[in-house]
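Single-structure report; data block below.
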Amino acid sequence: MILPPVVFAALAATFLWGMNREDPGNLPSAMIGRQAPAVPDTTLPGKVQLNDEMLRQPGVKLVNFWASWCPPCRAEHPTLTDLSTRLPVYGIDLKDPEPNALSFLTEDGDPFAAIATDPRGRGAIDWGVTAPPETFIVDGEGQILFRFAGPLIRDDYTQRFLPELERALAAED
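Here the sequence shown stands for residues 1 to 173, where the numbers follow full-length UniProt numbering.
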């Protein structure tokens with residue numbers, strides 16, 4: 001008799017706590033402050049293969065999980081193209097048929113300095129990716145500084161992602 005009200009109270013407390021967090025839309029990542037996990041060792045034909053060594057080269061860089069079948073990935077593509085003029089942007093193509101991925105990059109442009117493919121999603125699991133697009137800011141030692149889940153567009157981009165990127169770039173100097 002007492003168990004249902006106790007369970008209900010526990011759930012209500014959990015929901016209340018979740019709604020009152022500082023940023024309820026932000027999904028925390030256990031990867032922040034850790035070395036970037038290994039990247040898959042496959043790429044698209046004619047593209048530069050992304051490798052772990054690239055993530056440990058000097059300078060801030062971005063790692064973006066994307067797919068041609070993902071509408072938010074298409075929406076953020078112009079932002080990635082713009083960012084690629086400022087710093088290296090690396091892509092990991094997630095669960096995407098090779099012809100579709102190549103067609104997307106041919107039609108919309110290729111902002112990626114190097115690409116890995118993750119056809120089964122195993123690499124995404126290692127990185128803690130929940131769904132594309134997700135973008136990671138990585139420092140010159142290969143350490144993950146920030147994780148952004150969702151497309152890099154509008155207010156989320158300018159108010160949440162860009163300040164973290166600027167902070168990482170300033171710390172590099």
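Glycine included, C-beta positions come from ideal geometry on N, C-alpha and C.
(message) Given this structure, state the Cα-to-Cα distance separating E141 from P97, to the nearest angstrom.
(response) Computed Cα separation, rounded: 32 Å.
(request) Find the nearest neighbour of L102 within the set A67, L16, L83 and T85, judged by alpha-carbon distance. (result) L102 has its Cα closest to that of A67, out of A67, L16, L83 and T85.
(message) For the stretch 110-126 against the stretch 142-149, do three or more pairs of beta-carbon atoms, one drawn from each stretch, fall closer than 8 Å, so that the two count as touching?
(response) They do not touch, by the three-pair rule.
(request) Would you check if the distance between the CB atom of G128 and the CB atom of A30 is smaller than 8 Å? (result) G128 is a Cβ neighbour of A30, given a cutoff of 8 Å.
(message) Do G46 and T81 have their beta-carbon atoms positioned less than 8 Å apart in this structure?
(response) Between T81 and G46, the C-beta spacing is not below 8 Å.
(message) So for I125, helix, strand or coil by DSSP?
(response) Of the three classes helix, strand and coil, the one that applies to I125 here is helix, per DSSP.
(request) Compute the Euclidean distance between the alpha carbons of L86 and W69, then round it to the nearest angstrom. (result) A small correction: the amino acid at residue 86 is Arg; Leu does not occupy that position in the sequence shown. Distance between the alpha carbons of R86 and W69 is about 27 Å.
(request) Determine the direct distance from the alpha carbon of A113 to that of A75, and round the result to whole angstroms. (result) So the two alpha carbons sit approximately 19 Å from each other.
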